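In what follows, a structure is listed as structure tokens, so that the remarks can point back to it.
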Amino acid sequence: MNKMDRMKELVETILIHNRNYYELDNPTISDKEYDKLYDELVDLENELKVVLPNSPTQRVGGDVLDKFVKKKHEVRLYSMGKVRSFDELSAFFDDMKKFVKKPSYAVEYKFDGLTIVTEYNNGKFVCATTRGNGEIGEDVSLQVKTIKSVPLTIPFKGRLILQGEGMMTNSSFKRYNKTAEEPLKNPRNGVAGAIRNLDPKETAKRQLDYFCYAVLLCEGKNFETQEQMHEFIKENGFKTGDFFEVVDTQAEVESLINKIDKEKNDLDVMIDGVVIKLNQVGPREDIGYTNKFPKWARAYKFEAQEISTMLLDVLWQVGRTGKVSPIAVLEPVELAGATISRATLNNIEDIRKKNVFKNSRVFIRRSNEVIPEVLGLSEKYENSTEIKEPEFCPCCGSKLVKKGPLVFCKNHNGCKEQIVARLTHFVDREAFNIEGLSQKTIIQFYDDLNLRHYSDFYKLTKQELIGLEKFKDKKAQNVIDAIEKSKNIDLARFIFGLGISEVGIKTAKDLVKRFDSLEKLKTATFEEILQVEDVGEIIAQNIVDYFADADNLDEIERLLKAGVVPIVENTKISDKLEGLTFVLTGTLEHFTRQQMTNIIEENGGKTASSVSKNTSFVIAGAEAGSKLDKAKKLGVSILTESEFLSKFVDN
139 MNKMDRMKEL
149 VETILIHNRN
159 YYELDNPTIS
169 DKEYDKLYDE
179 LVDLENELKV
189 VLPNSPTQRV
199 GGDVLDKFVK
209 KKHEVRLYSM
219 GKVRSFDELS
229 AFFDDMKKFV
239 KKPSYAVEYK
249 FDGLTIVTEY
259 NNGKFVCATT
269 RGNGEIGEDV
279 SLQVKTIKSV
289 PLTIPFKGRL
299 ILQGEGMMTN
309 SSFKRYNKTA
319 EEPLKNPRNG
329 VAGAIRNLDP
339 KETAKRQLDY
349 FCYAVLLCEG
359 KNFETQEQMH
369 EFIKENGFKT
379 GDFFEVVDTQ
389 AEVESLINKI
399 DKEKNDLDVM
409 IDGVVIKLNQ
419 VGPREDIGYT
429 NKFPKWARAY
439 KFEAQEISTM
449 LLDVLWQVGR
459 TGKVSPIAVL
469 EPVELAGATI
479 SRATLNNIED
489 IRKKNVFKNS
499 RVFIRRSNEV
509 IPEVLGLSEK
519 YENSTEIKEP
529 EFCPCCGSKL
539 VKKGPLVFCK
549 NHNGCKEQIV
559 ARLTHFVDRE
569 AFNIEGLSQK
579 TIIQFYDDLN
589 LRHYSDFYKL
599 TKQELIGLEK
609 FKDKKAQNVI
619 DAIEKSKNID
629 LARFIFGLGI
639 SEVGIKTAKD
649 LVKRFDSLEK
659 LKTATFEEIL
669 QVEDVGEIIA
679 QNIVDYFADA
689 DNLDEIERLL
699 KAGVVPIVEN
709 TKISDKLEGL
719 TFVLTGTLEH
729 FTRQQMTNII
739 EENGGKTASS
749 VSKNTSFVIA
759 GAEAGSKLDK
769 AKKLGVSILT
779 ESEFLSKFVD
789 N
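So the sequence shown is numbered by our numbering: it starts at 139 and just counts up by one.
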């Protein structure tokens, strides 16, 4: 295929995807795949010096839907010129210096939602319009009026036109999907479908938000800077996304980009980059626009965390509690710096809600180092087949038991995958911390030494280990020493190591605070366990059921007879922080997070992972992020590391 034919093919392909994305709210490829096609088209246009009349590079957004009343924008809307590296960004800074002697730059989130223009007159809401093609949009006033963060009256009495982003927060998205007959693929899809729904009642169900970032027209008022514009927007009661910084240099912009990139997955809104605007408004008209975007602004796009790939098969995996969970086998694909070939599918109901099939194309998402998740169907084909829940355990063949949307293998003492998973959990660093025992080694012990129970570790001899493949004298001795060392163990780690369903290390520590001995916990009632902080009915019942099982009690007794001694360490040295809850954020100067947590707990205080109205203090280190912002918003007291130590510990 010659280059001109390839250009024509790209134009047609991208136009189809534009219609799916902008008009039908049903994207069939990820942003990353779309950007790859679009960038290839731009490169060909630059190389051949040809732009086809219908090229999507000349358009903003998509066509206006016939079902809505069309409305012409009084001020034309533009897209944003995008860059993906600091090298590309350098050219932007060089250009700005040609127009402004000492430029400054406003840095904001690049929201991943739906552009909405809102209009006010005499302090009252008039109408709302989608971006459409940048010149003509859709009147969605009734839908937007259901968004509680869109004020219906504002202090400013002149005529005002604003641009912002309709958003579905991650918390609203999760809440909606819990009860939705057809779950949403992602929050962006959720807001687009809600705004373009003809029934405002359906829009209201999704509990949307509106974040405003630009003044398009303001009668009788001029702004000298983006910063003034931002303050004006806030003064009139609009949300702005809790992040806005003005800096003077490229290095400062890059530092902010790196900071936001690290924090983006902790935000309650989806962002896919950072917008950098020339802060000075006056020179913008001289700098001008292309036919698609302003030359005085750029959007720095983060590495895509969502992509589509083929779902080839589903494996059903048995966990330590007997739960049998589906794992998606994917056509390997690069995503967020890693090659992805597996992803989670929670259960059969999740599979049906997401409407995914074997041999179908699906969307997957990866956040930080979390295991990727299948989000939903991209495309279904003729050879796509239904994913069926197994009737029998894929490991031992036992009949599976259904419990709500989950299935369990009840052959706890005869199912190899279950046993190996339990033993692997038992030796984990946060449990009994027996070094040198990987899952592969435990499988070897299972096969060659008939190791089945936790207590079997304490029966192993050096001579037995030396007889195994890849076990020589030193390695065998190290394992025996590690097993011996594990006998004296903190009670919380002992409880965690038992593998009680849904009891993590934090819950184990909370249980020890309430029941300061193993005997007290074993005999605790459901009601007593329910009084432990953050323990709900399901976890409480799991604990009661575990200690009501004779096999479990026998195994605990065997551990104790083998010399295991659960110890309740009284590390508390004072009550000076009693009743206080602290949240740690940023990089501390003198202590690690764990060391600071220990200091707080030793003095009777508690730590929490997120900021709320119940937080007493936030301890903020360098590069503190969204938690610090939320603390300021809620009026929570903020301390530096030194201030905390001076106020509570050193005196």
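Positions of the beta carbon are idealized from the N, C-alpha and C atoms, including for glycine. All figures in this text were calculated on a predicted structure; none of them were measured in a lab.
Minimum length 4: unbroken alpha helix (DSSP H) runs contained in the segment 648-705: 656-660, 664-668, 675-686 and 688-699
Selected residue, minimal CA-CA separation from Lys491, among Lys548, Gln577, Ala318 and Pro464: Ala318
Helix, strand or coil at Glu246 [DSSP, three-state]: strand
His563 classed as buried or exposed, judged by whether at least 16 other C-beta atoms fall within 10 angstroms: buried
Host alpha helix (DSSP H) of Leu394 (start-end): Gln388 to Glu401
From Phe495, Phe224 and Glu362, residue whose alpha carbon lies closest to that of Leu453: Phe495
Lys316: first and last residue of the uninterrupted beta strand (DSSP E) it sits in: Taken as a continuous stretch (DSSP letters only), Lys316 belongs to no beta strand (DSSP E), being part of the alpha helix (DSSP H) at Asn308 to Thr317.
Member of Glu441, Gln443, Asp424 and Cys350 whose CA lies at the smallest distance from the CA of Trp434: Asp424
Cutoff 7 Å; reference Ser639; Cβ partners in own chain excluding five residues on either side: Thr459 and Asn680
Local Cβ density within 10 Å of Arg344, reported as buried at 16 or more and exposed below that: buried
Beta-carbon proximity of Gln364 to Ala244, cut-off 7 Å: yes
Leu659 versus Ser223 - alpha carbon distance: 55 Å
Ile445: first and last residue of the uninterrupted beta strand (DSSP E) it sits in: Glu444 to Val456
Cβ-based neighbour list, Thr735, same chain, cut-off 6 Å, excluding 5 preceding and 5 following: Thr745
Completely contained alpha helix (DSSP H) runs for the segment 153-239, where each covers 4 or more residues: 169-186 and 224-237
Beta-carbon gap between Asp173 and Ile409 smaller than 7 Å: no
Residue interval of the beta strand (DSSP E) (run including Glu257): Leu252 to Asn259
C-beta contact flag for Phe720 and Ile757 at 7 Å: yes
Spatially closest choice to Thr753 from Asn192, Asp585, Glu444 and Ala769, by CA coordinates: Ala769
Straight-line gap, Phe230 to Val641 (C-alpha atoms, nearest Å): 52 Å
Three-state secondary structure assigned by DSSP to Ser748: coil
Touching by the beta-carbon criterion (3+ pairs, under 8 Å), the segment 668-676 and the segment 594-603: no
Inside the segment 721-766 only - beta strand (DSSP E) runs reaching at least 3 residues: 744-746 and 755-758
Straight-line Cα distance separating Asp169 from Thr151: 14 Å
Leu589 classed as buried or exposed, judged by whether at least 16 other C-beta atoms fall within 10 angstroms: buried
Integer Cβ distance of Ile794 from Val558, believed to fall under 8 Å: For the chain, the structure presents residues 139 to 789; residue 794 sits outside this window and is missing.
DSSP-derived helix/strand/coil call for Phe263: strand
Reference Val264, options Ile292, Gly270 and Glu246, closest by Cα: Ile292
Segment contact flag, the segment 645-660 with the segment 614-633, C-beta cutoff 8 Å, min 3 pairs: yes
Nonlocal neighbours in the same chain, by C-beta distance under 6 Å from Leu298, ignoring five residues either side: Tyr258 and Cys356
Residue burial classification, Ser747 (beta-carbon count within 10 angstroms, cutoff 16): exposed
Separation of Glu568 from Val202, as counted between CA atoms: At Val202, the pLDDT of 44 sits below 50, so the modelled position is not reliable and the matter cannot be decided from this model.
Check whether Gly743 and Leu718 have beta carbons under 7 Å apart: yes
Buried versus exposed call for Ile154 [16 or more other C-beta atoms within 10 Å across all chains shown]: exposed
Chain-order list of residues whose beta-carbon lies under 7 Å from that of Ser522 (same chain, five-residue window excluded): Phe495, Lys496, Asn497 and Ser498
Which of helix, strand or coil DSSP assigns to Asp422: Reading the sequence as shown, one finds Arg at residue 422 and not Asp. Reduced to three states, the DSSP call for Arg422 is helix.
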